[in-house]
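Using the numbering used here, the letters of the sequence shown correspond one by one to residues 12 to 547.
For each residue, glycine too, the CB sits at the ideal point set by N, CA and C.
None of the values given here were measured: they were computed from a predicted structure.
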Amino acid sequence: MAVSSVRLFNNLYPSRASLIAYSTLHSGFPNSLGYNSFRVKGGLVSSISGSSRVRASVKGKGERTEDYPLAGDSTDNKKVAESWPRSLQRDFAGTPYVPVYVMLPLGVIDRNCELVDPEGLTNQLRILKSVNVDGVMIDCWWGIVEAHAPQTYNWSGYRRLFQIVRDLGLKLQVVMSFHECGGNVGDDVNIPLPQWVREIGDSNPDIYFTDREGRSNTECLTWGIDKERVLRGRTAVEVYFDYMRNFRVEFDDFFVSGVIAEIEVGMGPCGELRYPSYPVKHGWKYPGIGEFQCYDKYLMKRLKKAAEIRGHTFWGRAPDNSGSYNSAPHETGFFRDGGDYDSYYGRFFLNWYSQILVDHGDRVLALANLAFEGTCIAAKLSGIHWWYKTASHAAELTSGFYNPAHRDGYAPIAAMLKKHGVALNFTCVELRTLNQHEGFPEAMADPEGLVWQVLNAAWDVSIPVASENALPCYDREGYNKILENAKPRNDPDGRHLSAFTYLRLNPALIERRNFVEFERFVKGMHGEAISDLPLN
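So, in structure tokens, the structure goes:
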């Protein structure tokens, strides 16, 4: 650099000045869980202290290490660490290295595909680099890049962002985001699907998932049009493939240099492989069971055809006794214990409904492998942990995971991912079952049981498993839970997560007290010794 990085940092972050941040919190889970979502556009602040410092490698004519001040008060790091309850924790020194990535704010690229506040973002990335974070995750929004006309792509803001990441020596996880942003709790920016797609939807709303009341959900396209030429002469999967292939060509230099470490392919709402069964925009609240989302004409046509093939044409319908978005399982004839979910018809319908999900993943990932040959590819599953301790697992069933008590609903998905050599990315590894019971005992939630089931379904077929937190996490208890799931104690095969992605870069994370805990967590994930660790 032409200017000393130390001088630059001190000019940007003088003592007692504000730490500028453009950030967000985002979660697919509701505020009723007790977490608040917020966004500070262009500003936090926290004061800066000269006594709390972090180290960073500074790139210039040579590599060197500098001490940078961290946001917070004047207490030193040791006192801050000791102010937390010293709960017993394993010593992770010498354990396998698990890379740690941090999700960037949802609005880091604006609707014009321009990078927002590049200087402020660069400074935040330097702080992450100072504690040896491996890289960052970024959504490449379909609604921004191909916004105005089919096969007319604008990647300009992303190229500038990628250059900054590369110059800082960080890696990239890039999400092909084929869904809208703005329809969920915590979404603080609005990025709809491309305008030309919405124009098609105005005259043909069946291109979207639809609920029993006939309400379309514009968050993503229904899987019913995967093979229907309703998008200006292209099918949905052709549109996705063209987008991915264009990205691969546009950013060839970042692939060749290894800066892009992984591509995560979005395949549903929030980029997750699931049905949009619990949309806040339609009135869902935690812990409602959600609703089946197969009422668009394309999926209904396929359901009727499947029923005819089975020889029972009257099965060509969705359940009529499955309640509504905010029902509890025992309030419905379909999901209650001994309910119709386990009848001959119920099994037929749930097999069909869940197979549509698997088939969609199969088609999209086959094309992703063509577009990104030789690159690590991942698919994301959501952690639907509420009602897990009931027989029907109703919330999972409406989301497309056929996982009642008598059946492993994640094994078929893991097998499909194995077929394509795709990694599984799973959420909610920081949640504790006891905490869920304290807040919502009626939800019969079991995130720990769900995580264990899903991780083992993937490990049993030998595919890489990555994870991320479902809700904001700043405390040692949450980080310890992530570490335990990342590197299971006494696993005879030494299995561990392939990577972890932290949700998300925001002002609270960079506050000194929180950042000390985060640095400690990164050390544990990297298998490094932690000096203040109370050994058990």
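> Taking C-alpha atoms, which residue in L408, W166 and G344 lies nearest to I120?
Replying inline: Within the sequence shown, numbered from 1, the residue matching residue 120 stands at position 109. Per the Cα distances, W166.
> Taking the alpha-carbon positions, what's the V369 to S542 distance?
Replying inline: For the purposes of this step, residue 369 is identified with residue 358 of the sequence shown, where counting begins at 1. For the purposes of this step, residue 542 is identified with residue 531 of the sequence shown, where counting begins at 1. For V369 and S542, the distance between alpha carbons rounds to 46 angstroms.
> Okay, do the stretch 298 to 316 and the stretch 177 to 188 touch, 3+ Cβ pairs below 8 angstroms being the bar?
Replying inline: no
> Are three or more beta carbon pairs between the stretch 110 to 118 and the stretch 138 to 155 nearer than 8 angstroms?
Replying inline: yes
> Measuring CA to CA, which of G334, E249 and R177 is closest to V270?
Replying inline: Sequence index remark: in the sequence shown, residue 270 carries index 259 (1-based). Looking at the Cα atoms, R177 is the closest of the given residues.
>> Given this structure, state the Cα-to-Cα distance separating F252 from G450, to the nearest angstrom.
In response: Taking the sequence shown and counting its residues from 1, the one referred to as residue 252 is at position 241. Taking the sequence shown and counting its residues from 1, the one referred to as residue 450 is at position 439. Computed Cα separation, rounded: 43 angstroms.
>> Among D373, T401 and L466, whose alpha-carbon lies nearest the alpha-carbon of M455?
In response: Looking up residue 455 in the sequence shown gives position 444. It is T401.
> Does the beta-carbon of K238 have 16 or more other beta-carbons within 10 angstroms, so that it is buried, or is it exposed?
Replying inline: Numbered from its first residue, the sequence shown carries residue 238 at position 227. With fewer than 16 other Cβ atoms within 10 Å, it is exposed.
> Which residues in the same chain have their Cβ closer than 6 angstroms to the Cβ of I317, if we skip the five residues on either side of it in sequence?
Replying inline: The residue labelled residue 317 in the question sits at position 306 within the sequence shown. A small correction: the amino acid at residue 317 is Ala; Ile does not occupy that position in the sequence shown. These residues qualify, in order along the chain: W363.
>> Suppose you measure from the CA of H323 to the CA of R313; what does that come to, to the nearest Å?
In response: The residue you call residue 323 lines up with position 312 of the sequence shown. The residue you call residue 313 lines up with position 302 of the sequence shown. Cα to Cα, H323 sits roughly 14 angstroms from R313.
>> Please report the straight-line C-alpha distance between P216 and N134, rounded to a whole angstrom.
In response: Translated into the one-based positions of the sequence shown, residue 216 becomes position 205. Translated into the one-based positions of the sequence shown, residue 134 becomes position 123. Between P216 and N134, the C-alpha separation is close to 44 angstroms.
> At which residues does the alpha helix (DSSP H) containing F359 begin and terminate?
Replying inline: Residue mapping note: residue 359 aligns to position 348 of the sequence shown, counting from 1. Per DSSP, F359 belongs to the alpha helix (DSSP H) from Y355 to A382.
>> Can you list, in chain order, the residues of its chain with a C-beta nearer than 7 angstroms to that of A405? Leave out the 5 residues immediately preceding and following it.
In response: Locating residue 405 in the sequence shown gives position 394, where the first residue counts as 1. The answer, listed in chain order, is I300, P340, F346 and W398.
>> Do Y286 and F220 count as a contact pair if the criterion is CB distance below 8 angstroms?
In response: Translated into positions along the sequence shown, residue 220 becomes position 209. Translated into positions along the sequence shown, residue 286 becomes position 275. Yes, these two residues count as a Cβ contact at 8 angstroms.
> Between the stretch 226 to 246 and the stretch 205 to 215, do at least 3 Cβ pairs fall closer than 8 angstroms?
Replying inline: yes
> How many Å lie between F173 and D263 at the Cα?
Replying inline: What you label residue 173 is simply residue 162 of the sequence shown in a count that begins at 1. What you label residue 263 is simply residue 252 of the sequence shown in a count that begins at 1. Computed Cα separation, rounded: 12 angstroms.
> How long is the line joining the alpha carbons of A379 and Q304, rounded to whole angstroms?
Replying inline: As a first step, residue 379 must be located in the sequence shown, where it is residue number 368. As a first step, residue 304 must be located in the sequence shown, where it is residue number 293. When rounded, the distance between both Cα atoms is 25 angstroms.
>> Considering only their Cβ atoms, is the gap separating L482 from M536 smaller than 8 angstroms?
In response: Within the sequence shown, residue 536 is the residue found at index 525, counting from 1. Within the sequence shown, residue 482 is the residue found at index 471, counting from 1. Contact: no.
>> Please report the straight-line C-alpha distance between N491 and N517, rounded to a whole angstrom.
In response: Indexing the sequence shown from 1 puts residue 491 at position 480. Indexing the sequence shown from 1 puts residue 517 at position 506. Approximately 21 angstroms, taken between the alpha carbons.
>> Tell me which residues share the same chain as K315 and place their Cβ nearer than 7 angstroms to its Cβ, disregarding the 5 neighbours each side in the sequence.
In response: Locating residue 315 in the sequence shown gives position 304, where the first residue counts as 1. Cβ neighbours of K315 beyond the five flanking positions: G327.
> Taking the alpha-carbon positions, what's the R256 to I218 distance?
Replying inline: Taking the first residue of the sequence shown as position 1, residue 256 is located at position 245. Taking the first residue of the sequence shown as position 1, residue 218 is located at position 207. Cα to Cα, the separation comes out at about 23 angstroms.
> What does a CB cutoff of less than 8 angstroms around W95 pick up in its chain, not counting 5 residues either side in sequence?
Replying inline: One-based indexing of the sequence shown puts residue 95 at position 84. At W95, the pLDDT of 45 sits below 50, so the modelled position is not reliable and the matter cannot be decided from this model.
> Can you tell me where the alpha helix (DSSP H) with K391 in it begins and where it stops?
Replying inline: Taking the sequence shown and counting its residues from 1, one reaches residue 391 at position 380. That residue, K391, is in no alpha helix (DSSP H); its beta strand (DSSP E) goes C387 to L392.
> Around the Cβ of P330, are there at least 16 other Cβ atoms within 10 angstroms (buried) or fewer (exposed)?
Replying inline: Locating residue 330 in the sequence shown gives position 319, counting from the first residue. Its Cβ being crowded by 16 or more others within 10 Å, P330 is buried.
> What do you get for E384, buried or exposed, if any count of 16 or more other CB atoms within 10 angstroms of its CB means buried?
Replying inline: By 1-based counting over the sequence shown, the position of residue 384 is 373. Answer is exposed; the Cβ neighbour count stays below 16.
>> Taking the alpha carbon of G212 as the reference point, which residue from T386, T229 and S141 has its own alpha carbon closest?
In response: By one-based count along the sequence shown, residue 212 stands at place 201. For G212, the nearest C-alpha among the options comes from T229.
> Whose C-beta lies closer than 7 angstroms to the C-beta of G420 among residues of the same chain, with five residues either side of it excluded?
Replying inline: Locating residue 420 in the sequence shown gives position 409, where the first residue counts as 1. If we look at G420 and ignore the five residues flanking it on each side, its Cβ neighbours are S365, E407, F412, Y413 and N414.
>> Among V142, C124 and P107, whose alpha-carbon lies nearest the alpha-carbon of R531?
In response: Position 520 of the sequence shown holds residue 531. Nearest option by C-alpha distance: V142.
>> Please return the same chain residues whose Cβ sits closer than 7 angstroms to the Cβ of G538, not counting the five positions on each side in sequence.
In response: Within the sequence shown, numbered from 1, the residue matching residue 538 stands at position 527. Once the five neighbours on either side are set aside, the close Cβ partners of G538 are F103, A104, G105, T106, P107 and Y108.
>> Let me confirm a value: R75 is counted as buried when at least 16 other C-beta atoms fall within 10 Å, else exposed. Which label applies?
In response: As a working note, residue 75 is residue 64 in the sequence shown. The predicted position of R75 is uncertain, since its pLDDT is 38 and thus under 50; a value taken from the coordinates is nonetheless stated next. The residue in question, R75, is exposed, as its Cβ has fewer than 16 Cβ neighbours within 10 Å.
> How close, in whole Å, do the beta carbons of T444 and E459 come, if the pair is a contact with beta carbons under 8 angstroms?
Replying inline: Your numbering for residue 444 matches position 433 in the sequence shown. Your numbering for residue 459 matches position 448 in the sequence shown. Confirmed, Cβ separation roughly 5 angstroms.
> For C231, which of helix, strand or coil comes out of DSSP?
Replying inline: Walking along the sequence shown from the start, residue 231 turns up at place 220. C231 falls in the strand class under three-state DSSP.
> L381: buried (16+ other C-beta within 10 angstroms of its C-beta) or exposed?
Replying inline: Residue 381 sits at position 370 when you count from the first residue of the sequence shown. When all chains shown are included, L381 counts as exposed.
>> Could you compute how far the alpha carbon of A425 sits from the alpha carbon of D353?
In response: Sequence index remark: in the sequence shown, residue 425 carries index 414 (1-based). Sequence index remark: in the sequence shown, residue 353 carries index 342 (1-based). Their Cα atoms are separated by approximately 23 angstroms.
> How many angstroms separate the CA atom of L126 from the CA atom of E479?
Replying inline: What you label residue 126 is simply residue 115 of the sequence shown in a count that begins at 1. What you label residue 479 is simply residue 468 of the sequence shown in a count that begins at 1. Rounded to whole angstroms, L126 to E479 spans 25 angstroms at the Cα level.
>> Using C-beta distances below 6 angstroms, list every residue in its chain close to V465, excluding the 5 sequence neighbours before and after it, in chain order.
In response: Position 454 of the sequence shown, counted from the start, is the residue given in the question as residue 465. The residues are Y421 and F437.
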